[in-house]
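Participant:
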Amino acid sequence: MENRVAKQFAEEWIKSWNSNDIDTIMSHYANEIEFHSPFIKMLNFNDTGIISSRAELKDYFKIGLLKYPDLHFNFHKYFVGINTICISYTSVNNKEALEVFELNNEGKATKVFCNYAIIEE
Numbered sequence: 005m006e007n008r009v010a011k012q013f014a015e016e017w018i019k020s021w022n023s024n025d026i027d028t029i030m031s032h033y034a035n036e037i038e039f040h041s042p043f044i045k046m047l048n049f050n051d052t053g054i055i056s057s058r059a060e061l062k063d064y065f066k067i068g069l070l071k072y073p074d075l076h077f078n079f080h081k082y083f084v085g086i087n088t089i090c091i092s093y094t095s096v097n098n099k100e101a102l103e104v105f106e107l108n109n110e111g112k113a114t115k116v117f118c119n120y121a122i123i124e125e
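One rule links them: number in the working numbering = place in the sequence shown (from 1) + 4.
1) Count the other C-beta atoms from every protein chain shown that fall within 10 angstroms of the C-beta of SER41, then say buried if there are 16 or more, exposed otherwise.
2) Distance, Cα to Cα, PHE117 vs ILE18?
3) Who are the near neighbours of LEU4 in its chain, counting only those whose CB is closer than 8 angstroms to its CB and skipping five residues on each side?
4) In the DSSP assignment, what are the bridge partners of PHE65?
5) Pull up the CB-CB distance for ILE37 and LEU61, whole angstroms please, since I reckon it's below 8 angstroms.
6) Nearest CA to the CA of LYS112: which residue from PHE13, ASN7 and ARG8?
7) Our contact map puts THR88 next to PHE105 with C-beta atoms below 8 angstroms; I'd like the distance itself, whole angstroms only.
8) Check whether the Cβ atoms of ILE86 and MET5 lie closer than 8 angstroms to each other.
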């Protein structure tokens, strides 16, 4: 993946989440999607932590936006791979996050793996 493409995706993705506009957020995801996140279980969306349809992903994001109306992501950096980009940012409740995106030829996410730092108690 070209650095220019990765940088643009990362900047636009963060900006879309900070806008809290569901249609802008969804513009980053392909019709064929596999999305993994521990927040799926935490928000009681399903028991697997995996979403595999665009319609369900949109519903899940809507729940998240309602649960966290002041949602704001603070961007740290991005990493580039082969057809992948990882975005490091601070998420809700000040959790450090790293999301891994596999992109298709149109630059849309087809697989996403959300990871969060564990805070030791």
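For glycine and all other residues, C-beta sits at the position ideal for the given N, C-alpha and C.
Facilitator: To lay it out plainly:
1) buried
2) 16 angstroms
3) Not covered by the structure: residue 4. The range shown for the chain is 5 to 125.
4) PHE65 is not bridged to any residue.
5) 6 angstroms
6) PHE13
7) 6 angstroms
8) yes
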